[in-house]
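The structure appears below as structure tokens.
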Amino acid sequence: MILPSGSGPDSAEFAKTCGNAETRQDTKDESIKDRNGTARRQDEADGSGESNPSAEVIGVLNPEARKYDHMSVADRLAEIRSDLTPNERLCAEAFVLLCSGGTLETTSFYEFLHWWALSGYSYEGCINYLVKYKFRGGQSSFAIRLFREAQASGNLTYAFSRPVASISDKGDGVQVMTRDGQTFEAARVISAIPLNVLNDVTFDLPLTPGRRTAASIGHVNQTVKVHAEISDRDLRSFTGISYPHNELIYGFGDGETPVGNTHVVAFGGQHNHFHPEDSIDHTIAALQGFAAMNVERLVFHNWSRDEFAKGAWFFPAPGLLSTYLKDMRAHQGNIIFACSDWALGWRSFIDGAIEEGARAAAAVRADFAGRAKI
Ligand SMILES: Cc1cc2nc3c(=O)[nH]c(=O)nc-3n(C[C@H](O)[C@H](O)[C@H](O)COP(=O)(O)OP(=O)(O)OC[C@H]3O[C@@H](n4cnc5c(N)ncnc54)[C@H](O)[C@@H]3O)c2cc1C
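Quick note on the UniProt record's numbering: the sequence shown kicks off at 1 and runs consecutively.
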């Protein structure tokens with residue numbers, strides 16, 4: 001693991017169960033860059049293009065992509081075992097787990113390569129795309145603006161806090177029933193219900209066998225994300241890997257709070273999973289697994305126990321995409337399933353949700369116009 005050495009924001013320290021070793025921050029970055037570069041060299045060597053997003057055509061992975069989708073990251077690391085120093089291995093494993101929120105065994109190697117390709121085949125690209133740039137007002141501000149734009153069209157009616165209990169496709173229209181007994185009717189329904197909770201809604205006609213099985217398998221991401229406001233200003237640019245023993249694996253300083261404290265964000269997952277609200281002392285101890293810090297406030301949402309999510313962003317185990325991506329994307333009668341979980345591009349990201357929203361809108365339009373299905 002890497003801990004801040006206290007000698008400046010660009011210093012870091014590998015602290016393993018067997019002892020600590022100081023390194024510069026950029027040395028740690030090189031370790032990750034090199035190890036993930038191993039994946040890229042494989043791509044170039046066999047010309048497979050398995051890490052090319054175009055390896056998916058209308059939801060069907062090509063044979064090379066399928067090969068890597070049936071591998072886990074644990075399988076891949078075993079293949080390159082002799083190339084890795086212990087520190088490189090720790091860095092590579094921790095970074096992959098930061099992305100997948102699963103375990104090395106349950107992380108599809110293909111899906112990690114997909115992220116790697118989308119991020120421009122570099123660790124720097126990953127940090128830029130996945131971590132660095134964000135909305136000033138947080139992601140909720142983006143969602144609120146989209147909502148207001150729709151509202152401004154004058155064509156939006158909405159109902160919040162009405163969990164859907166069942167969806168019945170009657171052939172000439174769809175009936176959506178909420179848990180509190182309200183009924184909504186429409187010619188077409190676009191369902192954004194994520195994979196891990198799809199089977200909690202009753203469908204009549206039933207979901208197709210492929211979609212139902214995919215939903216019962218689900219995705220593997222059980223990320224634990226904890227924000228901490230700490231008074232230690234010297235930690236404002238630290239990056240730490242506290243792995244494999246600690247419950248929070250990867251953490252970093254993420255700017256300042258309005259009162260000038262340091263904002264730290266830390267991530268755990270299925271590897272050493274825990275529920276942060278079960279013991280705040282325990283959660284603070286996990287944060288202090290990176291470095292001694294004075295925690296003034298914690299903010300988190302437990303996505304694993306959220307009954308409408310049952311996990312964080314989508315990340316598949318080996319084989320799920322090869323076997324079920326096409327089923328997950330398919331329309332069913334008058335219901336269009338649109339969710340980032342089965343997007344083709346930035347699957348698991350907001351961009352994937354937008355891609356799916358556009359696909360659903362185009363499909364409904366084409367449907368009403370009597371044109372081919374999209
Ligand atoms: C901790 C965390 C950090 C993330 N960080 C980023 C990031 O930095 N950048 C990025 O691009 N993406 C990020 N994501 C991913 C991003 O949030 C998702 O990709 C995006 O929200 C997916 O949008 P969606 O509309 O497909 O699904 P969702 O946003 O999951 O929307 C599905 C909705 O369906 C609702 N629902 C479920 N069941 C029912 C039911 N029975 N009845 C009624 N409603 C129901 C849910 O409550 C939810 O509101 C993050 C996700 C998490 C969990």
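Note that CB positions come from ideal geometry on N, CA and C, so glycine has one too.
{"Item": "Does isoleucine 241 come out as helix, strand or coil in the three-state DSSP assignment?", "Value": "strand"}
{"Item": "Out of curiosity, what's the CA-to-CA distance linking alanine 78 and glutamate 105?", "Value": "11 Å"}
{"Item": "Answer with buried or exposed for threonine 202, where buried requires no fewer than 16 other C-beta atoms within 10 angstroms of its C-beta.", "Value": "exposed"}
{"Item": "Under 8 Å between the Cβ atoms of asparagine 196 and glycine 268?", "Value": "no"}
{"Item": "Look at residue 416 and glutamine 222 and say whether their C-beta atoms are less than 8 Å apart.", "Value": "Here the chain has residues from 1 to 374 only, and residue 416 is not among them."}
{"Item": "Which term fits leucine 90, buried or exposed, when burial requires 16 or more other beta carbons within 10 angstroms of its beta carbon?", "Value": "buried"}
{"Item": "Which term fits glutamate 88, buried or exposed, when burial requires 16 or more other beta carbons within 10 angstroms of its beta carbon?", "Value": "buried"}
{"Item": "Helix, strand or coil: which one does DSSP assign to glutamine 151?", "Value": "helix"}
{"Item": "Is the beta carbon of alanine 363 sitting closer than 8 Å to the one on isoleucine 336?", "Value": "yes"}
{"Item": "Consult DSSP for valine 259 and reduce its assignment to one of helix, strand or coil.", "Value": "coil"}
{"Item": "Grouping DSSP H, G and I as helix and E and B as strand, with all else coil, what is lysine 225?", "Value": "strand"}
{"Item": "Could you check the C-alpha separation between tyrosine 250 and aspartate 234 for me, to the nearest Å?", "Value": "18 Å"}
{"Item": "Per DSSP, serine 161 forms a beta bridge with which residues?", "Value": "In DSSP, serine 161 forms no bridge with anything."}
{"Item": "Quick one: Cα of glycine 57 to Cα of glutamate 355, how far?", "Value": "As written in the sequence, residue 57 is valine, which differs from the glycine given in the question. Their Cα atoms are separated by approximately 15 Å."}
{"Item": "Who are the Cβ neighbours of residue 377 in its own chain at under 8 Å, not counting the five residues just before and after it?", "Value": "Since the first residue of the chain shown is 1 and the last is 374, residue 377 is not available in this structure."}
{"Item": "Excluding the five sequence neighbours on either side, which residues of its own chain have a C-beta within less than 7 Å of the C-beta of arginine 365, listed in chain order?", "Value": "none"}
{"Item": "Does the beta-carbon of glycine 253 have 16 or more other beta-carbons within 10 angstroms, so that it is buried, or is it exposed?", "Value": "buried"}
{"Item": "Would phenylalanine 315 pass as a contact of valine 224 if the rule is Cβ separation under 8 Å?", "Value": "no"}
{"Item": "Under the rule that 16 or more other beta-carbon atoms within 10 Å means buried, what is phenylalanine 112, buried or exposed?", "Value": "buried"}
{"Item": "Could you tell me whether any non-hydrogen atom of ligand 1 is closer than 7 Å to the CB of isoleucine 144?", "Value": "no"}
{"Item": "Please list, in chain order, all residues of the same chain as serine 322 whose beta carbon is under 7 Å from its beta carbon, the five residues on each side excluded.", "Value": "Leu61, Arg66, Asp69, His70"}
{"Item": "Compute the minimum distance between the beta carbon of alanine 186 and the heavy atoms of ligand 1, and state whether it is under 7 Å.", "Value": "no"}
{"Item": "Counting only runs that start and end within the region 164-213, where is the beta strand (DSSP E) found for 3 or more residues in a row?", "Value": "164-169, 174-178, 183-186, 189-191, 202-204"}
{"Item": "Once DSSP output is grouped into helix, strand and coil, what is the label at alanine 117?", "Value": "helix"}
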